[in-house]
Structure formats: structure tokens, C-alpha cells
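Just below is one structure, and these are the notes that go with it.
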Amino acid sequence: MTASRVLVLNSGSSSVKYQLLDMRDSSRLAVGLVERIGEQVSRLKHTPLAAGGGSREWSGPIADHDAALKAVAAELAKDGLGLDSPELAAIGHRVVHGGKHFTEPTVVDDAVLAEIERLIPVAPLHNPANLTGIRTAQALRPDLPQVAVFDTAFHTTMPESAARYAIDVETADRHRIRRYGFHGTSHAYVSRATAKLLGKAPEDVNVIVLHLGNGASASAVRGGRCVDTSMGLTPLEGLVMGTRSGDMDPAVIFHLARVGDMSIAEIDTLLNKKSGLIGLCGDNDMREIRRRIDEGDERAQLAFDIYIHRLKKYIGAYYAVLGRVDAIAFTAGVGENAAPVREAAVAGLDPLGLAVDPELNAVRGDEPRLISPAGARVAVAVVPTDEELEIATQTYALVGGTDMRAHRAGND
Ligand SMILES: Nc1ncnc2c1ncn2[C@@H]1O[C@H](COP(=O)(O)OP(=O)(O)O)[C@@H](O)[C@H]1O
Ligand SMILES: CC(=O)OP(=O)(O)O
Ligand SMILES: [Mg+2]
Numbered sequence: 001m002t003a004s005r006v007l008v009l010n011s012g013s014s015s016v017k018y019q020l021l022d023m024r025d026s027s028r029l030a031v032g033l034v035e036r037i038g039e040q041v042s043r044l045k046h047t048p049l050a051a052g053g054g055s056r057e058w059s060g061p062i063a064d065h066d067a068a069l070k071a072v073a074a075e076l077a078k079d080g081l082g083l084d085s086p087e088l089a090a091i092g093h094r095v096v097h098g099g100k101h102f103t104e105p106t107v108v109d110d111a112v113l114a115e116i117e118r119l120i121p122v123a124p125l126h127n128p129a130n131l132t133g134i135r136t137a138q139a140l141r142p143d144l145p146q147v148a149v150f151d152t153a154f155h156t157t158m159p160e161s162a163a164r165y166a167i168d169v170e171t172a173d174r175h176r177i178r179r180y181g182f183h184g185t186s187h188a189y190v191s192r193a194t195a196k197l198l199g200k201a202p203e204d205v206n207v208i209v210l211h212l213g214n215g216a217s218a219s220a221v222r223g224g225r226c227v228d229t230s231m232g233l234t235p236l237e238g239l240v241m242g243t244r245s246g247d248m249d250p251a252v253i254f255h256l257a258r259v260g261d262m263s264i265a266e267i268d269t270l271l272n273k274k275s276g277l278i279g280l281c282g283d284n285d286m287r288e289i290r291r292r293i294d295e296g297d298e299r300a301q302l303a304f305d306i307y308i309h310r311l312k313k314y315i316g317a318y319y320a321v322l323g324r325v326d327a328i329a330f331t332a333g334v335g336e337n338a339a340p341v342r343e344a345a346v347a348g349l350d351p352l353g354l355a356v357d358p359e360l361n362a363v364r365g366d367e368p369r370l371i372s373p374a375g376a377r378v379a380v381a382v383v384p385t386d387e388e389l390e391i392a393t394q395t396y397a398l399v400g401g402t403d404m405r406a407h408r409a410g411n412d
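What follows is the structure, given as C-alpha cells:
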């Protein structure tokens, strides 16, 4: 029996999403989520799809990502899908910051671990959790290849004109300050899937991808290669997000330090965790914000308007960067589910060939779909992302499994 399973771990600052896949047909054997790690009550939800059973939920304290992964391993073992299985070929890890160095999925060794650790200052919310996930997985299965798939990799094709900040070149180079971009696994997957939806090869289409989750980013993809993206040195730049400010005058930071008497650590927390939608209206969940707007809540409406204004600016900017745009693709939690966000983001852009058909926009579903009117110059699409499948596919290909690229969205 050849090992054909891949476990994918997507460790966030306070959560772990995981999937166990059988790469012979890319089917999911189990999926799950551990949330609120480090809080008094953490929650684990495990769904053993292969076993046909329903979801199991568990609440209780899970102190850190090490404990979280051990709890996941215990749940998998209950269904005979434990990490000790000889059918497991590799474990694939989402690693958020890979710097300039990692342009491809990489089998983890000590040097790779050291580099991920060195990048912690530029991804303080994400890289420590990614590292713990890898180390715990290594301890559980020292014989298995651990593969790191980097959020930054897809963006390494950006030209210097997009990747560099206009600051002193020597200072920037000394501290490796440049725009790296994130959510690259999603931007890559979704731009390919969008080309497929249009019945074209990725090389032949220019796409603006809007990844709108809790973290949010836009990218301009020309012929399958990223030419610009909205996140920068860290995942703080760009769009308005659930808890992050996105773009603002950097002098706000000096002002808060000098006049507001705040420390750098306090400002960091303010901009990363207490800004964006939650800072503007007290909620970071778009469902809740829409509910409040329907009740006439003005703060929620203003937060929504600021979110949309920024999104629209990026659509315009990337339209100009690409020159010719074939499609705009909405993805991730907000992009896939929030029809009012999609409608508002393209409202008034008819002169650019952009419009949304209200009936098509109201359709819900898991499949990629067009929401622009028939005959529109630019296709507007909802394209569900699947970072876990993409990580599994890249991981399996790297460790010598059958190259599943033909099965990936957009390539078959
Ligand atoms: N039905 C829905 N309507 C509007 N927004 C939704 C819906 N479902 C999820 N969301 C939004 O998606 C967000 C989470 O997106 P997701 O891509 O899962 O984020 P992340 O991976 O960054 O945790 C939630 O904060 C919520 O605002
Ligand atoms: C990089 C990033 O912002 O990731 P997430 O959306 O998972 O927080
Ligand atoms: Mg996400």
C-alpha cells in the first residue's frame, strides 16, 4: 500500500484548522477546527467525513498550539485515522511568512525552521503558531516529511516597482523591508479557478482577486503571475479587515507615540487587533454588521462604508495596474457569503465594464459562479477558496506522490 494521505494544518494566532485528505481523489477524510486556543474555554470541532458520522464538539481549556495539535491527533485516532497510520504520506503546514527566500513549498529541516523563526518579528501573530504546529507534528511523527507552504510564495513574482516601499534603499535592504504579500495560496488557487470558470488557460487571463476573510487582501494577477498585492511587510497593510486597520498614514504611529503617550507594543495591538471593523463599530463579523445595518445602526453603516470605499479603491488601482481586466473574483468568508459587500464594491463601476446581476449575486453555493450580467465586459465571480486542498496538493507533489496538479481547480 502506498501512502496517499496528507494532513494539512493551518495554524492561526488562536486557532488551528485542519483537514486529512486522500490524495488519490483529493477527498476529505476528516476536517476540523480548534478555536480560542489559550483562552479559558477553547473549542474543538471535529468532523470525520470518512467515518460517515456527525461532528463531535468539545469545549475546555487548550493552553497552546502544542496541546491543540495533540487534541486533534487524539480525535483522528478515535476514527482510526491517527497520525501513526502508515497511509499518511506527509503533513503540510501553512506558513504565513516565508520572506523573500521561499518561493516554493519546502520540506522542513533545521535550517527552514530557523528561517521561519527569524521571520517572527514580521509575522508575530502567525509564524509562532506555524512553528509550534511543525514542531509538534515532528515530535508525533519524526519519520514523516513536514512540508511548509508559504503565504508569501505566490507574491515573489511582483516586480520591484510594486514590492519596494519608497524609503531609503540601504535602510530597507539592511532590514529586509519590502512588500511580501500574504494569502498567496488562496490568490494562486482562486486566480486559476477563475480562469477555469471562464474556460481559459491561466496564462491568458488577468484577474483581480479579493480575498475577504478576517484578514483581507487584494491581488492583481496577470497571466497567472502576481504583479501586485495589498498586504506588505506584514499582513497589516491594505484593505480594512476584521481587526486590522489596513492602509493609513504611517505618521499616525508617531502621533500616537508622541501625543497619545502609547508604547510601540500598544500601538501594534491597537492596529492589529483593535482596529478595522471591530475598532470602527465593535463587531468584526460581517453577518453581525449587516444585521445591525438592517436595524438602522449608523456606526455599523459607517464601518461598512469605510470597508467598501477601501475595497473599491483597490479595484480601481489594480484595474489600472493590469490595464486589461478579464475578471474580478470574490473569495473567503466575506467574499463568498456577503452579497451586499459584492454589490457595493462594484456599484457605480459600469464605465469600467463592471456590474453585478442582483439575482445571480443572491445565489448561494459552494461552486465557482459568475454574478455579472450576461455579456458583461469584465466577469465578476464568486470563487470559493480552498487553501487546505492547495496545500495538500503541493505537499503531496513535493514528497513524490502522484503529481495531482491535473486535479487541481483551474488545471484540469
Ligand atoms: N454568511 C455570511 N455572511 C457574511 N459574512 C460572513 C458569512 N459567513 C462568514 N462571514 C464572514 O467571514 C469571516 C471569516 O472568513 P474566513 O475566510 O473564514 O476568515 P479567516 O480564515 O481569516 O478566519 C467572518 O468574520 C465573517 O465576517
Ligand atoms: C496573513 C493573514 O492575514 O492571514 P489570516 O487571514 O488567516 O489572518
Ligand atoms: Mg483564512
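Under UniProt numbering, the first residue of the sequence shown is numbered 1, with each subsequent residue one higher.
By construction, the Cβ of each residue, glycine as well, lies at the ideal position given by its N, Cα and C atoms.
Who are residue i's beta bridge partners in DSSP?
i             : result
arginine 222  : Asn206 and Arg225
histidine 46  : Gly32 and Arg56
valine 16     : Ser11 and Val34
threonine 106 : Ala148
arginine 369  : Val382
threonine 331 : His211
serine 217    : His211
Can you tell me whether residue i is helix, strand or coil according to DSSP?
i                 : result
aspartate 143     : coil
phenylalanine 254 : helix
isoleucine 267    : helix
aspartate 403     : With a pLDDT of 46 at aspartate 403, under the threshold of 50, the modelled position of this residue cannot be trusted, and the question is left open.
aspartate 326     : coil
glycine 375       : coil
arginine 287      : helix
lysine 274        : coil
serine 27         : strand
threonine 393     : helix
leucine 198       : coil
asparagine 411    : The predicted model places asparagine 411 with a pLDDT of 37, which falls under 50 and marks its position as unreliable; any figure quoted below should be read in that light. Reduced to three states, the DSSP call for asparagine 411 is coil.
leucine 360       : helix
isoleucine 91     : strand
leucine 349       : coil
leucine 131       : helix
aspartate 22      : strand
leucine 398       : helix
arginine 244      : coil
leucine 233       : coil
alanine 153       : helix
serine 186        : helix
glycine 279       : helix
aspartate 294     : helix
serine 191        : helix
alanine 166       : coil
threonine 136     : helix
Over the uninterrupted alpha helix (DSSP H) stretch that includes residue i, give me the two end residues.
i              : result
alanine 300    : 298–322
threonine 171  : 169–174
arginine 179   : No alpha helix (DSSP H) holds arginine 179; DSSP gives it neither H nor E.
histidine 97   : Neither: histidine 97 is in no alpha helix (DSSP H) and is coded neither H nor E.
histidine 126  : Where histidine 126 is concerned, there is no enclosing alpha helix (DSSP H), given that its DSSP letter is neither H nor E.
isoleucine 116 : 110–118
serine 161     : 160–163
aspartate 66   : 65–78
alanine 339    : 339–346
Output yes or no for whether 8 Å exceeds the beta carbon distance between residue i and residue j.
i              : j                 : result
glutamate 35   : serine 4          : no
asparagine 284 : asparagine 214    : yes
histidine 126  : valine 96         : yes
leucine 20     : leucine 81        : yes
proline 235    : phenylalanine 182 : yes
valine 209     : alanine 218       : yes
residue 425    : alanine 265       : This structure cannot settle anything about residue 425, because the visible part of the chain is limited to 1 through 412.
serine 245     : serine 275        : yes
residue 413    : valine 227        : Residue 413 lies beyond the stretch modelled for the chain, which goes from 1 to 412, so this question has no answer here.
isoleucine 315 : alanine 345       : yes
leucine 29     : lysine 17         : no
For chain D, check one thing: does any of its Cβ atoms lie closer than 8 Å to the Cβ of residue i?
i          : result
valine 108 : Among the chains of the structure shown, chain D does not appear; only one protein chain is present.
Would you give the residue range spanned by the beta strand (DSSP E) that residue i belongs to?
i             : result
glutamine 40  : Element bounds for glutamine 40: n/a, residue is neither H nor E.
asparagine 10 : 5–11
Could you give the C-beta distance for residue i and residue j, rounded to a whole number, given that I count them as a contact under 8 Å?
i              : j             : result
isoleucine 37  : alanine 68    : 5 Å
leucine 322    : alanine 251   : Going by Cβ atoms, the distance from leucine 322 to alanine 251 rounds to 31 Å, so no, they are not a contact pair.
methionine 177 : leucine 233   : It is worth fixing the name first, because residue 177 is isoleucine in this sequence and not methionine. About 6 Å separates the two Cβ atoms, so the contact holds.
residue 422    : alanine 376   : No answer is possible for residue 422: it lies beyond the span of the chain, which begins at 1 and ends at 412.
threonine 136  : lysine 70     : 7 Å
serine 186     : threonine 393 : Serine 186 to threonine 393, Cβ: 13 Å. No contact.
leucine 88     : leucine 7     : 6 Å
glycine 224    : glutamate 203 : 5 Å
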